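Asks:
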DNA sequence: AGAATCATGACCAAGTTGGTCAACATAGTG
DNA sequence: CACTATGTTGACCAACTTGGTCATGATTCT
């Protein structure tokens, strides 16, 4: 698996929005950027990508900003990572893409190994929703401030 | 985790040598390259890297070539992948490197998540030796030829 | 109208990837 | 010794990716 800086930024930006989900008011980019330590101009691109995928929606104008378009419980970490950074474990051998299957597949001893690696990653990130992550974050914040 | 083409080549080249380990004779580059479908000139660099790490040893001259410097049971897949492609899950957040720890670590909800992903990958590849992989490969070859 | 904000596309420097090529060193053979 | 097959090394390179910046629009609210 690879999680690029961009992927990390996307995950954190979504967490920021998820923590704000209940208020039903948009958060604007500058706030997210400052709170999460993400370059503002770069964050713009990332949010546009997330919007294109239907994860967030935006509101223009003075009181504008971004908000989650689905409740946090319906967004998994795996969805976000795959959207931004592409397939988990991008090795020709393991791509399900019919065009790129490697011809050694039937005799390649590594094939089932890479698949099991990929599956064990998926198990974790596909079963983790932003609700879980919010909960963890709030717990951590509490511990930190007491 | 990321497994580049180079990493894949290294894994396969070592498998080729591991399958030949019992004969105690060196295999030369061209053979490995042809059997595994690796560009010959590129394979040279990879083998030099593996030699530098003490995984293989070489013999020059007419009957020269490469051979494993340790029995297959003492080489894990994790060792190879980390050597060629660097740390599993290279995200600042998860680097144990003391210089690069992210300052949000104590409150970052993602930190433990990435760590558990990394650990579950390590569990698989660090407990898999080239002896296991040889065995799997031989079984597959049998099935294929019958 | 004007201010605040999102939207879009062009651009860019630096690093990584996946190689190739030429020249040299060494070991075995006749 | 000379020759040849092989390993060794280092320079080089094109293409792509990463992680951004910048200028300019387009909306929306007041």
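Residue numbers (the numbering used here), protein chains in the order written: chain F, 182 to 327; chain D, 182 to 327.
In this text, a Cβ means the ideal position worked out from N, Cα and C, and glycines have one as well.
Keep in mind it's a predicted model, so treat the numbers as computed, not measured.
1) Relative to chain D, which residues along the region 234-245 of chain F have a C-beta separation below 9 Å, given in chain order?
2) According to DSSP, is residue 246/F helix, strand or coil?
3) Cβ of residue 317/D less than 8 Å from any chain F Cβ?
4) For a contact defined as C-beta to C-beta under 8 Å, what are the partners of residue 259/D on chain F?
5) Is it the case that the region 243-255 of chain F contacts the region 298-306 of chain F, given that we only count it when at least three CB pairs across the two stretches are under 8 Å?
6) Taking residue 256/F and residue 263/F to be in contact with their CB atoms under 8 Å, please state how far apart those CB atoms are, rounded to whole angstroms.
7) Counting along the chain, where does the alpha helix (DSSP H) carrying residue 222/F start and finish?
8) Please list, in chain order, the chain F residues whose beta carbon lies closer than 7 Å to that of residue 290/D.
9) For chain F, find out if any of its Cβ atoms is closer than 8 Å to the Cβ of residue 298/D; answer yes or no.
10) Tell me, please, whether the region 193-213 of chain D touches the region 201-221 of chain F by the rule of three or more beta-carbon pairs shorter than 8 Å.
11) Among 217/F, 315/F, 218/F and 205/F, which residue has its Cα nearest to the Cα of residue 258/F?
12) Going by C-alpha to C-alpha distance, which of 193/D, 182/D and 187/D sits closest to residue 292/F?
13) Leaving out five residues on either side along the sequence, give the residues of the same chain with a beta carbon under 7 Å from the beta carbon of residue 240/F.
14) Taking the CB atoms as reference points, tell me whether residue 229/F and residue 191/F lie closer together than 8 Å.
15) Distance check for residue 195/F and residue 202/F, CA to CA, integer angstroms please.
16) Residue 312/D and residue 237/D - do their beta-carbons sit closer together than 8 Å?
17) Starting from the Cα of residue 317/F, find the closest Cα among 324/D, 294/D and 317/D and give me that residue.
18) Looking only at its chain, what residues have a beta carbon closer than 7 Å to the beta carbon of residue 298/F, apart from the 5 residues adjacent to it on each side?
Replies: Concretely, from the data shown:
1) none
2) The sequence position of residue 246/F within the first chain is 65, counting from 1. Three-state DSSP puts residue 246/F in a strand.
3) As a working note, residue 317/D is residue 136 in the second chain. For residue 317/D, the answer is yes, since a Cβ of chain F falls inside 8 Å of its Cβ.
4) Position 78 of the second chain, counted from the first residue, corresponds to residue 259/D. Neighbours of residue 259/D across chain F, judged by C-beta separation under 8 Å, do not exist; the nearest C-beta is about 11 Å away.
5) Contact fails: fewer than three Cβ-Cβ distances are below 8 Å.
6) The residue labelled residue 256/F in the question sits at position 75 within the first chain. The residue labelled residue 263/F in the question sits at position 82 within the first chain. Incorrect: roughly 12 Å between the Cβ atoms, too far for contact.
7) Along the first chain, one-based indexing puts residue 222/F at 41. Residues 221-233.
8) Here the question's residue 290/D lines up with position 109 in the second chain. Near residue 290/D (Cβ distances below 7 Å), the residues of chain F are 196, 314, 317, 318 and 321.
9) Taking the second chain and counting its residues from 1, the one referred to as residue 298/D is at position 117. Closer than 8 Å: yes.
10) no
11) As a first step, residue 258/F is located in the first chain; it is residue number 77 there, counting from the start. Minimum Cα distance to residue 258/F is reached at 315/F.
12) As a position in the first chain, residue 292/F is number 111, starting the count at 1. Selected option, being the one with the closest Cα: 193/D.
13) One-based indexing of the first chain puts residue 240/F at position 59. Once the five neighbours on either side are set aside, the close Cβ partners of residue 240/F are 207 and 246.
14) To locate residue 229/F, count along the first chain from 1; it is residue 48. To locate residue 191/F, count along the first chain from 1; it is residue 10. No; because the gap between Cβ atoms is not below 8 Å, this pair is not in contact.
15) The count along the first chain starts at 1 and reaches residue 202/F at position 21. The count along the first chain starts at 1 and reaches residue 195/F at position 14. In a straight line, the C-alpha of residue 202/F is about 10 Å away from that of residue 195/F.
16) Your numbering for residue 237/D matches position 56 in the second chain. Your numbering for residue 312/D matches position 131 in the second chain. For residue 237/D and residue 312/D, no; Cβs fall outside 8 Å.
17) Taking the first chain and counting its residues from 1, one reaches residue 317/F at position 136. Checked all of 324/D, 294/D and 317/D; the closest Cα to residue 317/F is 294/D.
18) Against the first chain, residue 298/F aligns to sequence position 117. Correct list, in chain order: 270.
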